[in-house]
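Listed in order, the protein sequences are those of chains A and B. Here this note's numbering = 1-based position in the first sequence + 883. Here this note's numbering = 1-based position in the second sequence + 441.
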Amino acid sequence: MGILEVQNVNKSFGGLKALHNVNLDIEEGKIHAIIGPNGAGKSTLLNCFVGKLTPDTGTVMFDGHSLLGIKPYEINQLGVSRVFQTPEIFSELSVWENTLIPCFAKRDGSFTLNALSRVSDNKDMAEKAEKMLVDVDLINKKDMLASSMSRGDKRRLEMAMCLSQNPKLLLLDEPTAGMARADTESTIELLKSIQKKLKITMAIIEHDMGVVFSLAQKISVLAQGTVIVEDIPENIKGHPKVKEAYLGEAQVEGNMRDD
Amino acid sequence: MNTISKADMKTLFFVAIIALLAPFILNPFPTDSGLAQFNAGYPDLMQRFAIYGILAIGFNILFGLTGYLSFGHAAFLGVGSYSAVWMFKLLSMNIIPALILSVIVAGLFSLLIGFISLRRSGIYFSILTLAFAQMSFALAYSVLTPLTNGETGLQITLNDPRILAAENVSGNLPVTTLFGLEMRDTWAMQVGAWDFQFNIGYYICAIFLLLAFYLSIRIFRSPFGMMLRAVKTNQNRLNYTGINTRPYTLAAFVISGMYAGLAGGLMASMDPLAGAERMQWTASGEIVLMTILGGTGTLLGPVMGAGFIKYFENIFSKINDTVLHGWFSWMPDGLENIIVWVLHLFTGKGWHLTLGIMFMLIVIFLPGGLMEGMSRIGNWWKRRKGDDDAESKSTTTAAE
Ligand SMILES: Nc1ncnc2c1ncn2[C@@H]1O[C@H](COP(=O)(O)OP(=O)(O)O)[C@@H](O)[C@H]1O
Ligand SMILES: [Mg+2]
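Below you can see the structure in the form of structure tokens.
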């Protein structure tokens, strides 16, 4: 029994079949990687989990609730957070405010008109936000405008925002793209330690096979909208079907041979 | 008690000083001089500065923070005025009950309009608010005549019940008061060639302006204000953070509607009548202009924008051809006529043209409004001073 169960999901854009009978089972407490060539439908699949897209057919069950037909904020309230491929952050706010907002957001989404206290007076929120920024190593950039950061930093900020909510399921769409080597490594370490400490289930889309093999406990390979293989990392490496799917993607091939 | 930061306290103090000394500051020219018509220190206009300042501050809480551009805020202004006049008719001429009712009714009205309009965002939201405001205008103008007295506008009469007021024996229309303090009371001070006027009504408006400004500072710095700014920059992220943005935007809409109601109530308190034209779309547009002109999303900008527009409206519109001829009479006749003919387009009834051009220039060259202009001047000044310091330092080192 997985915490996220995806069954027979189909999604077409006009004539293009982006997802074709996708089945996926993500086990609680595990890091599950979804890999596949560009345009395979990986982001589209995650979009179906957060209410950004609705599948044409199929079911998506999370923790006993269907994620279809409910609002994105309701999905988040169930405990699903997502880091996007193109960072979704509050670009016109400072890094500090970006981190504070999820801290102020109530878990059940309830609204309180907190219009008379000062943001800076809420010490417990500040503490939480500070801890998050230290974790992703952005604390010395806290006064920067979010839009002025590098892509890698934006993504780590987004990760901090998601993690501060202490989600049950964290969806990561290419979290290390655009990051320097050192940052990539610290991100891997961060994710590993989070997973160990908090047992957050993660679904991670990643191009960097180094990252995939050092993090994932299970890997699904998506090609042309279909899951072609699902297995543990050791069995994925030399899998002929996977090699076939990646044929022509020289960079990834190279990455795979490196490991 | 540490409710606002030192920097904000300074801004508030600055506004308070300006408001207190406005009768002097706005009256720089001697009464008999030719420039006296540029003076703005008379009660009527000063009251309008403060009232429109409140309106713009409130509008900025919605537009400046959330980015939702309402084109219907004049409706709340109008509703506020009608409510206040009804209190003057039914209860007493005291402005406090009138203002309370103005704020409450405008709040309820904006709750209704906001609830419906906020189902959409962007241009559709703006159009919905515009439609509602025009509907309110049309209702006030015709259908709701028993409530609004239609075209003529709602006024107080001698026959009004005014159940809390003492019997009127003078036979004159009563005047608005604050527990006996008459709004129209003005104390004139003559200093040399200058004539300064201190009006009770203005100072009441100024006190409300300060309260409104203080509250807006609190909202800007609060978690609620931060959420509103987050709505403006990325609603999607808020949704993916588990936040339904609707209650936040609705709260901002109602708060800014209540500000507009207060402004409308004060308008009626200074001059107890209310007309439908106060709700027309041009009036709504003016509020938008004030806020953008001054600096959207800044604390002080909207107040400055309001002052700026009201000043030009009142001063430029008074410069008619006679005045112009007076100014240029020293020129040869032909030239004088040409110049007057050209300036005629921009003054008197043509003041809208001047305002329009200035608005365009500011939006094109100073997208951040007057506030951006000020901060640019400030930076330039600092840099110049910095250069001077550096220069004087280098000269001293050279001398050594
Ligand atoms: N909103 C959309 N509208 C139309 N086509 C889309 C949309 N989103 C994705 N696609 C198409 O679906 C396919 C899968 O895209 P995507 O899920 O982004 O791939 P990836 O595996 O690289 O993340 C691509 O061919 C893409 O062009
Ligand atoms: Mg993708």
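For every residue, glycine included, the Cβ atom is placed at its ideal position computed from N, Cα and C.
Note to self: Within 7 Å of any Cβ in chain B, is that where the Cβ of I984/A sits?
What the structure shows: yes
Margin query: Can you check whether the C-beta of G1149/A is within less than 7 Å of a C-beta belonging to chain B?
Written below: Here chain A has residues from 884 to 1142 only, and residue 1149/A is not among them.
Note to self: If you reduce the DSSP assignment to three classes, tell me which class T732/B lands in.
What the structure shows: helix
Notebook entry, point to check: Which stretch, first to last residue, makes up the beta strand (DSSP E) that contains I914/A?
Noted result: 914-918
Next item on the list: Specify, as a first and last residue, the run of the beta strand (DSSP E) that I1087/A falls within.
Entry: 1084-1088
Item checked: Three-way DSSP call (helix, strand, coil) for I1119/A in this model -> helix
Next item on the list: Compute every distance between the C-beta of L894/A and the non-hydrogen atoms of ligand 2, then say whether any falls below 6 Å.
Entry: It should be noted that the sequence gives Lys, not Leu, for residue 894/A. No, the beta carbon of K894/A sits no closer than 6 Å to any heavy atom of ligand 2.
Check: Any idea if V943/A is buried or exposed, counting beta-carbon neighbours within 10 angstroms, 16 or more meaning buried?
Finding: buried
Next item on the list: Decide if the region 1072-1091 of chain A is in contact with the region 998-1015 of chain A; the criterion is three or more beta carbon pairs, one per stretch, under 8 Å apart.
Entry: no
Note to self: Is there a C-beta anywhere in chain A that falls below 7 Å from the one on P688/B?
What the structure shows: yes
Margin query: Can you confirm whether P808/B, when its beta carbon is compared against all beta carbons of chain A, has any partner nearer than 7 Å?
Written below: no
Item checked: Proximal chain C residues relative to E911/A, where beta-carbon distance stays under 9 Å -> Among the protein chains of the structure shown, namely A and B, there is no chain C.
Checklist line | Alpha-carbon to alpha-carbon, T674/B and R561/B | finding: 16 Å
Next item on the list: Residues of the region 1045-1074 of chain A with a CB closer than 8 Å to any CB of chain B: list them in chain order, please.
Entry: Q1048
Notebook entry, point to check: Would you call M630/B buried or exposed, if buried means 16 or more other Cβ atoms sit within 10 Å of its Cβ?
Noted result: exposed
Check: When burial is assigned at 16 or more other CB atoms within 10 Å of the CB, is D1034/A buried or exposed?
Finding: Correcting the residue type first, residue 1034/A is Arg in the shown sequence and not Asp. So R1034/A ends up on the exposed side.
Notebook entry, point to check: To the nearest angstrom, how far is it from the Cα of I1115/A to the Cα of I733/B?
Noted result: 58 Å
Notebook entry, point to check: With 16 other CB atoms within 10 Å as the buried threshold, where does S1031/A fall?
Noted result: exposed
Margin query: For ligand 1, I want to know if A704/B counts as a neighbour, meaning its beta carbon is within less than 6 Å of at least one of the ligand's heavy atoms.
Written below: no
Next item on the list: Leaving out five residues on either side along the sequence, give the residues of the same chain with a beta carbon under 8 Å from the beta carbon of W979/A.
Entry: A1012, L1016, K1025, D1026
Note to self: Is it buried or exposed, M405/B, if we count other Cβ atoms within 10 angstroms and call 16 or more buried?
What the structure shows: Summary: the structure shown does not reach residue 405/B, with chain B confined to residues 442 through 841, and so no result is reported for it.
Check: Should M667/B be flagged as near chain A, meaning a C-beta pair shorter than 7 Å?
Finding: yes
Next item on the list: List the residues of chain A that Y509/B touches, going by C-beta distances under 9 Å, in chain order.
Entry: In chain order: nothing, as chain A lies at least about 15 Å away.
Notebook entry, point to check: Roughly how many angstroms lie between the CA atoms of A1133/A and E1127/A, to the nearest whole one?
Noted result: In this predicted model, A1133/A has a pLDDT of only 46, less than 50, meaning its place in the structure is not dependable enough to derive any value.
Margin query: I'd like to know whether the C-beta of P1123/A is nearer than 7 Å to at least one C-beta of chain B.
Written below: no
Checklist line | Option in V456/B, T618/B, A463/B, A477/B with minimal Cα separation from I760/B | finding: A477/B
Note to self: So, with DSSP's three-state summary, where would you put N904/A?
What the structure shows: strand
Item checked: Sheet register partners of I909/A (DSSP bridge) -> L887/A
Next item on the list: Just the chain A side, please: which residues come within less than 8 Å of Y644/B by C-beta, in chain order?
Entry: The contacting residues do not exist; Y644/B stays about 26 Å from chain A at best.
Margin query: Taking only three categories from DSSP, how would you classify Q676/B?
Written below: helix
Next item on the list: Tell me, please, whether the CB atom of I886/A is closer than 7 Å to any CB atom in chain B?
Entry: no
Check: For Y956/A and chain B, any beta-carbon pair shorter than 7 Å?
Finding: yes
Margin query: Taking 7 Å as the threshold (beta carbon to beta carbon), is A1009/A in contact with chain B?
Written below: no
Notebook entry, point to check: Does DSSP classify S474/B as helix, strand or coil?
Noted result: coil
Note to self: Looking at the secondary structure, which residues open and close the beta strand (DSSP E) in which D449/B lies?
What the structure shows: Segment 447-466 is the alpha helix (DSSP H) holding D449/B; no beta strand (DSSP E) there.
Margin query: On the criterion of 16 or more Cβ atoms from any shown chain inside 10 Å, does S611/B qualify as buried, or is it exposed?
Written below: exposed
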